[in-house]
Amino acid sequence: MKILIKFIAVAILGFSLAATSHAQSGRIPADYFGIQYDVTQLGTLLYNHPGKAEGWTTDIGAGFIRVAFPPFHNDTNLPWWDWVHDSIVEKFHDENDIEIMFYFQSNFYSTEAYADRENYLTAIYDRVYAHRGKVAFYHLGNEVDSTNRDNPAATKEAMRLWTEDVYNTIRAADPDAEIVMASLAGAIKYQYEYDFFLDMLDVGLNNFCDSYSVHTYPNMWGAQIDELPDLIQWFNDMKAASNVIDNKKIYITECGFLTSGPALHGNETEQAMFNMKRIIRVQALDMPSGFLPRINTYQMKDIAQKPDGAGLLRLDEDETPRKQYGAMKRSIQAMTGSIFMRERIYNDSVCYEFMKDNGQQNIVVWSTGLGRNQTFKIGSDSGYVYGIGGDNVLTIHDTTINFSYGDQPVWIITGDANIWNEGESYTSANWTPWLYDDDDSYNGKFVRLDTTAAHPSGYYFLRYTITVPESGYYKIFFASTPPNVTWASPYEYQIDGTGYVNLSGAVATGRSYGLSNAIRWLHADTRYIGAGSHVIDIRVNDTRSMDNRYALYFDAIYLEPN
Numbered sequence: 277m278k279i280l281i282k283f284i285a286v287a288i289l290g291f292s293l294a295a296t297s298h299a300q301s302g303r304i305p306a307d308y309f310g311i312q313y314d315v316t317q318l319g320t321l322l323y324n325h326p327g328k329a330e331g332w333t334t335d336i337g338a339g340f341i342r343v344a345f346p347p348f349h350n351d352t353n354l355p356w357w358d359w360v361h362d363s364i365v366e367k368f369h370d371e372n373d374i375e376i377m378f379y380f381q382s383n384f385y386s387t388e389a390y391a392d393r394e395n396y397l398t399a400i401y402d403r404v405y406a407h408r409g410k411v412a413f414y415h416l417g418n419e420v421d422s423t424n425r426d427n428p429a430a431t432k433e434a435m436r437l438w439t440e441d442v443y444n445t446i447r448a449a450d451p452d453a454e455i456v457m458a459s460l461a462g463a464i465k466y467q468y469e470y471d472f473f474l475d476m477l478d479v480g481l482n483n484f485c486d487s488y489s490v491h492t493y494p495n496m497w498g499a500q501i502d503e504l505p506d507l508i509q510w511f512n513d514m515k516a517a518s519n520v521i522d523n524k525k526i527y528i529t530e531c532g533f534l535t536s537g538p539a540l541h542g543n544e545t546e547q548a549m550f551n552m553k554r555i556i557r558v559q560a561l562d563m564p565s566g567f568l569p570r571i572n573t574y575q576m577k578d579i580a581q582k583p584d585g586a587g588l589l590r591l592d593e594d595e596t597p598r599k600q601y602g603a604m605k606r607s608i609q610a611m612t613g614s615i616f617m618r619e620r621i622y623n624d625s626v627c628y629e630f631m632k633d634n635g636q637q638n639i640v641v642w643s644t645g646l647g648r649n650q651t652f653k654i655g656s657d658s659g660y661v662y663g664i665g666g667d668n669v670l671t672i673h674d675t676t677i678n679f680s681y682g683d684q685p686v687w688i689i690t691g692d693a694n695i696w697n698e699g700e701s702y703t704s705a706n707w708t709p710w711l712y713d714d715d716d717s718y719n720g721k722f723v724r725l726d727t728t729a730a731h732p733s734g735y736y737f738l739r740y741t742i743t744v745p746e747s748g749y750y751k752i753f754f755a756s757t758p759p760n761v762t763w764a765s766p767y768e769y770q771i772d773g774t775g776y777v778n779l780s781g782a783v784a785t786g787r788s789y790g791l792s793n794a795i796r797w798l799h800a801d802t803r804y805i806g807a808g809s810h811v812i813d814i815r816v817n818d819t820r821s822m823d824n825r826y827a828l829y830f831d832a833i834y835l836e837p838n
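Under the working numbering, the first residue of the sequence shown carries the number 277, and numbering increases by one thereafter.
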């Protein structure tokens with residue numbers, strides 16, 4: 277499958293389905309996750325061990341990196357900065373197709389830079405122009421609410437002057453680069469962060485960026501909280517309070533879980549579990565449209581002057597991976613190219629299910645207590661259990677997996693889906709189905725019905741044959757257009773001719789995906805099904821309510837033991 281992040285604007289045409297409110301593909305994109313690098317650390321690595329920085333980034337599956345931009349054009353270390361940036365572009369973009377975000381530390385002129393303003397902007401232009409088309413993002417300021425709040429030089433007008441100048445310079449040098457507004461250090465803890473952001477909007481900084489940025493550390497102030505839902509509400513409140521804020525994307529350009537330092541709580545296992553859990557939740561669950569197209573973890577390696585335990589690697593000669601490194605790696609492997617299906621609770625454990633193109637089921641799971649026994653059914657062939665800390669793998673050849681959590685809680689279970697049928701694998705139909713090629717759909721295509729012509733029989737139907745290995749109760753899922761929206765036709769299903777079931781109340785789960793982001797996973801029913809071969813019929817006997825078209829996308833069927 278071709279994996280890429282998409283921001284799709286779909287016109288509502290007379291012959292097409294209307295787009296959903298989500299601008300993002302439902303599949304977890306390969307490049308949504310990034311890593312922060314300290315520039316000195318990265319420069320040293322590129323000079324002494326160029327393979328290490330590349331290896332860590334590609335091994336964990338990061339799609340982009342975030343590195344500082346040189347502070348001043350006449351810095352005595354400018355040749356070193358230029359060499360580092362050239363090396364970053366060569367090693368990450370050119371050789372590994374990893375996108376790059378350069379960020380500025382401040383968003384106002386220093387006295388020195390303002391006195392030599394023309395040369396300062398010329399230096400920025402030259403550096404951006406040298407890498408036009410290769411650097412995807414420029415970030416106009418880092419945690420400016422913390423760094424500028426008590427600085428008398430950082431007035432609103434000073435921020436506006438610098439931001440407008442640098443924005444116009446970057447835009448002239450590289451029209452295609454995305455420009456991100458200066459980030460806030462936090463989201464909900466103090467009123468000054470709210471006020472500071474409104475101050476930036478008040479002088480029009482939103483006119484000089486393509487997206488916004490915040491940082492989030494859930495245990496920075498002691499108590500462990502997942503403030504991402506509050507972050508969403510916080511931005512919604514700001515939009516309601518301001519007449520200038522718009523619906524730009526919001527990047528989380530730093531996200532971490534500190535494990536040492538004054539008043540900080542947690543340990544490496546908590547860091548690994550909690551941080552990845554919140555990233556998966558906010559990426560996979562339905563959030564406001566366009567909320568989180570990218571998230572960047574802080575950082576690749578602990579920094580000597582900030583021994584806060586937030587790095588993915590320890591600050592030692594061997595750069596020993598922390599548990600979060602293994603957790604990130606395994607979770608990204610589970611998510612990449614998958615569609616999020618649903619959140620489930622096993623006793624006190626929370627898990628999230630993803631489905632691959634070929635029907636492979638991936639479960640990402642956490643436990644609130646060690647030593648707790650859990651049972652998962654994942655498939656009929658084989659499965660694997662990955663340890664949170666790294667590469668330890670247990671292979672299972674059974675449909676049921678039993679395990680106890682230990683010092684390193686089991687993290688990911690993966691295996692074949694229980695019962696799976698592609699939409700195009702129908703056994704019969706009373707029309708010639710249109711098999712639509714679509715990279716985001718399972719197996720690269722789905723069945724499409726799109727016509728104003730009524731069928732002579734009064735309905736269109738597709739028939740599928742499934743084999744159930746053992747009798748029991750099963751949850752039935754269909755990947756299709758929702759049957760209860762105005763822009764798609766309602767439809768029904770039946771098993772073995774026992775009578776059609778209306779799906780108007782089916783519960784959609786996960787993000788929309790596919791053509792026009794129109795396909796969702798639907799929990800259609802839970803019912804007892806005996807072992808053996810069965811026939812599932814899908815029937816469309818009515819047009820969509822917005823006009824007189826019969827409109828259905830049908831991508832897959834999935835049955836799971838209840």
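Where a beta carbon is used, it is the ideal one built from N, C-alpha and C, also for glycine.
Between Ile571 and Cys531, the beta carbon gap of about 6 Å places them in contact (Cβ cut-off 8 Å). In this structure, the beta-carbon distance from Tyr308 to Arg342 does not fall below 8 Å. According to the DSSP assignment, Ser422 belongs to the alpha helix (DSSP H) that extends over 420 to 424. In this model, Leu481 and Asp452 are separated by some 19 Å (Cα to Cα). Following the DSSP letters along the chain, one finds Pro837 inside the beta strand (DSSP E) bounded by residues 826 to 837. In the DSSP annotation of this structure, the continuous segment of the beta strand (DSSP E) that includes Ser487 starts and ends at 487 to 492. For Pro597, the secondary structure class from DSSP, reduced to helix, strand or coil, is strand. Shown here for Ile805: same chain residues with a beta carbon closer than 6 Å to its own, the five before and five after excluded, namely Val744, Tyr750 in chain order. In the displayed model, Asp513 falls within a helix according to three-state DSSP. Per DSSP, the beta bridge partners of Asn778 are Glu768. Scanning Lys367, Leu322, Leu474 for the CA closest to the CA of Val411 turns up Lys367. Among the bridge pairs identified by DSSP, Lys577 is matched with Leu589. Taking C-beta separations shorter than 6 Å and ignoring five residues to either side along the sequence, the partners of Arg724 in its chain run Trp710, Tyr712, Tyr829, following chain order.
Every unbroken stretch of the alpha helix (DSSP H) spanning 4 or more residues and falling wholly within the segment 382 to 469 is given here in chain order: 387 to 391, 393 to 406, 420 to 424, 432 to 449.
The residue from Arg803, Leu416, Gln575 with its alpha-carbon nearest to that of Thr492 is Gln575.
Annotation: the continuous beta strand (DSSP E) that includes Ala755 extends over 748 to 756. A check of alpha carbon separations from Thr596 across Ala306, Tyr323, Lys328, Tyr313 identifies Lys328 as the nearest.
In this structure, the straight-line span from the alpha carbon of Thr320 to that of Val783 is close to 52 Å.
Contact annotation, Gly310 with Phe340: C-beta distance approximately 4 Å; criterion of less than 8 Å satisfied. For Glu619, the CB contacts under 6 Å within the same chain, skipping 5 residues up- and downstream, are Tyr628 in chain order.
When secondary structure is reduced to three states using DSSP, Ala800 falls in the strand class. In summary, Asp314 is buried, with 16 or more beta-carbon neighbours lying within 10 Å of its beta-carbon over all protein chains present.
The beta carbon of Thr612 is closer than 7 Å to those of Ile279, Ile304, Ala306, Gly337 in its chain, skipping five residues each way along the sequence.
For Tyr740, the uninterrupted beta strand (DSSP E) run begins and ends at 736 to 744, by DSSP. Sequence-distant partners of Arg590 (beyond 5 residues in either direction) whose C-beta falls short of 7 Å from its own C-beta, in its chain, are Asp578, Thr596, Arg598. Taking 8 Å as the cut-off, the beta carbon of Tyr735 is found closer than this to the beta carbon of Asn817. Pairwise C-beta distances place the segment 352 to 368 out of contact with the segment 381 to 394, as fewer than three of them are shorter than 8 Å. As a beta-bridge residue in DSSP terms, Met631 pairs with Ile615, Gln637. With a 10 Å radius around the Cβ and a threshold of 16 neighbouring Cβ atoms, Arg606 comes out buried. Between the C-alpha atoms of Leu588 and Tyr488 there is a straight-line separation of about 25 Å. Where Ile304 is concerned, there is no enclosing beta strand (DSSP E), because DSSP gives it neither an H nor an E.
Within the same chain, Phe291, Asp726, Thr727, Thr728, Ser765, Thr819 come within 8 Å of Arg825 by CB-CB distance, once the 5 residues on both sides are set aside.
In the displayed model, Thr785 falls within a strand according to three-state DSSP.
The continuous beta strand (DSSP E) containing Tyr712 extends over residues 710 to 713. In its chain, beyond the 5 residues on either side, Ala705, Asn706, Asp813, Ile814, Arg815 have a beta carbon closer than 7 Å to the beta carbon of Phe737. Ranked by Cα distance from Arg787, the first of Ser780, Trp797, Leu779 is Trp797.
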